[in-house]
Amino acid sequence: MKYYLNQFGILIIVLFFLFTGCASQKGAAANPASVKLALNSNQPVQTGVLASASETQEQLSPEEEMLLTDDWADSDDEDNEAELYSIPDPFEKFNRASFYLNDKLYFWVLRPLSAGYRDVVPQKARIGVSNFFQNLKAPIRLVNNILQGKGRAAEAELTKFLYNSTVGILGFANPAKKHPKLNPDPEDLGQTFAVHGLGHGFYLYLPIIGPSSLRDITGATGDYFLNPASHIQPLEASLAAGGVRQINTFSFLIGDYESFKEAALDPYESMRDVYIQLRETKIKR
Amino acid sequence: MITNRWVMLILALSLLCAAPAVCTEKLSPIETLKKPIEKVTNILHDPAFKNSGKKNDQRNVIWKVAGEMFDFTEISRRTIGKKAWKTFTSEEKEQFIKVFSEFLGNTYISKIQGEYQNEQIIFLNELVRGNIALVRTKLKRASLEIPIDYRMKKIEGNWKIYDVLVENGVSIIKNYHIQFKSILRKESPQQLIERLEKKLVARKS
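Just so you know, the protein sequences line up as chains A and B, in that order.
Heads up: the first sequence runs through residues 3 to 287, numbered per this note's numbering.
Heads up: the second sequence runs through residues 217 to 421, numbered per this note's numbering.
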C-alpha cells in the first residue's frame, strides 16, 4: 500500500511539473487571448442553462437524460438495486466510532469556532478567503482534467486560475464566476481513478476528514501534494492554513449538519449514502 | 319543443367539451412549481408571522401550500421500495404515508423557516418526456449555489413531485430508501412507523 502511494506521489509530482511547465509557456502566449475569447463567446449563451463549454454541453445532455430517466424506482429487481446503491463497509464499527467523534468535534469545537469567526469576520471577507483557497486548488483540478482527457475543461481551469489570480487579486475575488465556460466541474484524483475503472473499494469514515473510501482517500493523498497550501513551511503554518480554510468553510454551513442529522433516522447510514451518491454524480460529469 | 331539447343537448354537450378544453390548458411542470413556491416565499416574508410564537402557524400555512406540490403516495412507495411496499397492509400504508409526509414537511419547512433570509431560488429549465419531468433550480446563498432538481410525474393531469435531487443527482428519496431498507431488515413496518412518530413527537416538544 505504502509503496503504491509512493509511486503515485512521484508520478503525480512528475506530472505536475510537466504540466506547470507547459502551463507557464502556453499561458504566457495564449491566455490573454483565450480569456477574451471566453468572455466574448459567452455573452449570447448566458441566458441558457446549457451555457458551458461545448465539451461539457455534450456531456450534459446524457446527464440530463440520465436524470430524467428514472431507472431506479421502476425496476422491481431488488438485487440489482442493492448492487447499484451500496458500498462494502467492512469497518463499520471503526467508521461509526469516527462518526461519533466527528459529531462531537463539530458541536464542541468546529461549530463554536466557526460561529465566532462568522460573527467577527464580515461576509465579504469570508467569501474572499473561500475564493482564495478554491483558487489555490486549481492545480488539482487542472491535473485531473488532463488525466481524464478533458482538454477543454483543463484549459478552462487554467484560464480561470490566471484570470482570478490577476484580475481577481490573488484569487480573493472570483470574476471568472460570471462566465459559465470558465467553471467546469471540479475534478480530483479519486474521480480520475474512477474514470479509469477503479471502484471505491470500501467505505471509510475517518476522524476529522469525514466520509471517504479506499479509492478516494488514496486520491486525496495524491491531490494533497498538488495543493500549494500543503507545501507551506513550517508544518505548523500549513496546518494553520488548513484550519482557517476549514473554519471559513464551516462559517457558511452552520446549521446544515444539524438539519442533515434532523432529517435522518440513521445519520451514519444517511451520510454514507449521500457520500456515495455525490461521488457517483461527480464521476459522471 | 324538440328543437328546444336539441338546443339544450347541444348546449350541454358544448359545455362538457369546453370543460376539458379548460382542463387541458394544464400548467407545465415548471409553472406548477413556480406559483406555490412564490406563495411560500410570500408567507416567509409575511410580517404577520415575524413573531417567534407564530412559527408554528406559519409552518402550517406553508405546509398547506407546499404539500400540494408533492405526491406522497408515490414518495412513500419509492422510499420503502416496491417489493417491500407490497408487504405493508393497506392500513400500514396509510399510516406510513401520513407520518412520513409529516416528517418530511416538518424537517424541511423548519429548515427554510430558519434559513430563508439569505437564500434565493432560481428556476433554470424543465425537461419533459411523456409523463416524467425534471425541473432544475438553483438555491443561491451568499457564498455558494446548490443545484436542486425536482423529479415530477403527471398524475391525473397534474404534475407532482416524487423526488428531489440535490447537487445534480443526490436523491433524497434514495437516501431514505437506504435507511428504511436496513431498518426493515430487522424490524416490522409497524416499528418503522413508530420510529418516525417518535422522532416527530421529540421534535415538537
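Don't be surprised by glycine CBs; every beta carbon is placed ideally from N, CA and C.
Values in this document were obtained by computation on a predicted structure and should not be read as measured data.
For B:Thr-353, DSSP records a beta bridge to B:Phe-339 and B:Ile-364.
Against A:Val-197, chain B offers no close residue; the least beta-carbon distance is about 16 Å (beta-carbon pairs closer than 8 Å). For B:Gln-407, none of the residues of chain A pass the 8 Å Cβ criterion, the least Cβ distance being about 11 Å.
Going by beta carbons, A:Tyr-102 and A:Tyr-259 fall outside the 8 Å limit. In terms of Cα proximity to A:Ser-88, the closest of B:Glu-403, B:Ala-264, B:His-393 and B:Ser-404 is B:His-393. Contact annotation: the region 345–352 of chain B touches the region 361–370 of chain B, with at least three C-beta pairs closer than 8 Å. Listed in chain order, the non-local C-beta contacts of B:Thr-303 below 8 Å within the same chain comprise Pro-405, local neighbours out to five positions each way being set aside. Neighbourhood of B:Leu-343 in chain A, by CB distance below 9 Å: Glu-66, Glu-67, Leu-69 and Leu-70, in chain order. Proximity of chain A to B:Ile-399 at the Cβ level (cut-off 7 Å) is accounted for by Leu-267, in chain order. Proximity of the region 145–161 of chain A to the region 177–190 of chain A meets the contact definition, three or more beta-carbon pairs being nearer than 8 Å. When the beta-carbon positions are compared, A:Pro-90 and A:Phe-195 stay at least 8 Å from each other.
Under DSSP, B:Arg-345 takes part in a beta bridge, and its partners are B:Ile-348.
Residues of the region 246–268 of chain B with a Cβ closer than 8 Å to any Cβ of chain A: none. Within 7 Å of the CB of B:Ser-317, no CB atom of chain A is found; the nearest one sits about 14 Å away. In this structure, DSSP gives A:Asp-121 a helical state, which the three-state scheme calls helix.
DSSP, read as helix, strand or coil, puts A:Pro-92 in coil. In the three-state DSSP reduction, A:Ile-171 falls in the coil class, being neither helix nor strand. The region 206–282 of chain A is shown to contain whole beta strand (DSSP E) runs of 3 or more residues at 212–215, in chain order.
The CB of A:Asp-121 never comes closer than 8 Å to any CB in chain B; the least such distance is about 15 Å.
Note on geometry: alpha-carbon atoms of A:Leu-208 and A:Ala-231 lie some 21 Å from one another. With contact defined as three or more Cβ pairs closer than 8 Å, the region 240–258 of chain A and the region 113–127 of chain A are in contact.
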